[in-house]
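Numbering (our numbering), first residue to last: 8 to 322.
Each remark here refers to the structure printed beneath this line.
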Amino acid sequence: MRPDRAEPTGTAGAGPTTPAGVARDGSSSVATGAVEVLRAGALTTVQDLGRPGWAHLGVPRSGALDPGALRLANRLVGNPESAAGLEITLTGCDLRLTRASTVALVGAEVDVRVGTRPGDTGRPLAVPGGTVLRIGPARQGLRCWLAVAGGIAVDPVLGSRATDILSGIGPAPLRDGDRLPLGAPAGPPAPVDVTVPAGHPAELHLAARPGPRHDWFTPAALDRLLGTAYQVSPLSNRVGARLTGAPLPRAVAGELPSEGLVLGAVQVPADGQPLIFLADHPTTGGYPVIAVVDDVTPLAQARPGTTVRFHGPER
């Protein structure tokens, strides 16, 4: 199956292999401590800033869908910005830390409990060893990023610990009973009481430039892309945000030979519905790309049904 023909895999389900550095039965011993996964939730993955520089070998960058959120969470707990954390989708998760540590959660609006006491997002939280950290479902937004002092220390693959759900590179999505090793803390937590949370608008406005195959579409299709609203489909995931709305008619029939794809490429399959590629996108594809979105970060928090409008980069 060609990469561009693969359907997004949805937000549930684990990969076929055990992540490097993770014991499914919890039997491994990690001297520096570990995170035990009590409830993995719909989709929780290990993410860092990705593995750039491998696209020529068919390996996408992957990494956190909102790199800025992960960087902030890492700074709050005293980690390097590149440290690996957890990307948690929609339903939250329950974790137990085997050593006393500091954590920070940034992104979607969620309820947090450290043992029996409530905690805050956007600030460092002290978690005693053996305490259960409960992250509730997202009230607004879709994803949040958890940093733990020392970082998640699973073995890197091609220089990154990121989970790539399309290629299967990196650790598999978490399952109940996983045990994630922790690295040694690099520095003290940041001296802050609170950070300003990002907003979660019901309508996104994305700047887009003409894509390499915009001439494969009719003038009406280009006007429609920039002049009508689309909604995020429930079939979206880390590979791409599928949109539903007015179909985009083609001026050129037939198929392209597979050609390179970049982050933010707006590909149009045979049904005419646009698909915006995200962090785990394939590196090649055979459907024409009508446009390229400048910044896909807002889509990290876009729930199904969120309205998306495109506009030119000059706006």
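Beta carbons: idealized from backbone N, C-alpha and C, even for Gly.
Length of the line joining the Cα atoms of residue i and residue j
i	j	result
Leu306	Val299	14 Å
Ser269	Ala80	Rather than Ser, the amino acid found at residue 269 in this sequence is Val. In a straight line, the C-alpha of Val269 is about 27 Å away from that of Ala80.
Arg120	Val44	15 Å
Pro180	Thr52	5 Å
Leu64	Thr235	37 Å
Glu94	Leu102	13 Å
Pro195	Gly148	29 Å
Pro254	Ala209	22 Å
Ala107	Thr123	16 Å
Trp61	Tyr294	22 Å
Ser243	Asp302	17 Å
Ala277	Arg130	46 Å
Any C-beta of chain B under 9 Å from that of residue i
i	result
Val259	Of the chains in the structure shown, none is chain B; there is only one protein chain.
Sub-9 Å separation of residue i and residue j beta-carbons
i	j	result
Gly114	Ala205	yes
Ala47	Asp183	yes
Gly136	Ala193	no
His57	Ser174	Correcting the residue identity first, residue 57 is Gly in this sequence and not His. No, the pair does not count as a contact, with Cβ atoms beyond the cut-off.
Gly312	Val239	yes
Val275	Phe317	no
Leu189	Leu112	no
Ile159	Cys151	no
Beta-carbon contacts of residue i that lie in its chain and below 6 Å, excluding the five residues immediately before and after
i	result
Thr304	Asp73
Pro144	Thr98 and Gly99
Ile297	Gly218, His221, Phe224, Val273 and Val275
Residue of the options minimising C-alpha distance to residue i
i	options	result
Ala90	Gly75, Leu97 and Leu255	Gly75
Pro320	His212, Phe284, Arg168 and Ala169	His212
Pro241	Asp162, Arg141, Leu282 and Gly129	Leu282
Gln54	Gly129, Val164, Arg141 and Glu116	Val164
Pro289	Asp302, Pro178 and Val273	Val273
Val134	Asp230, Thr39, Val110 and Thr96	Val110
Same chain, Cβ closer than 8 Å to residue i, neighbours up to 5 away in sequence not counted
i	result
Arg82	Glu88 and Ala197
Which of helix, strand or coil DSSP assigns to residue i
i	result
Ala49	coil
Gly33	Summary for Gly33: the model assigns pLDDT 33, below 50, so the residue's position carries little reliability, and this model does not support an answer.
Gly234	helix
Asp101	strand
Pro125	strand
Arg58	coil
Arg78	helix
Val155	strand
Contacts around residue i, its chain only, beta-carbon distance under 7 Å, and the 5 residues preceding and following it disregarded
i	result
Asp287	Pro67, Ser69, Asp171, Ile172, Leu173, Arg245 and Val246
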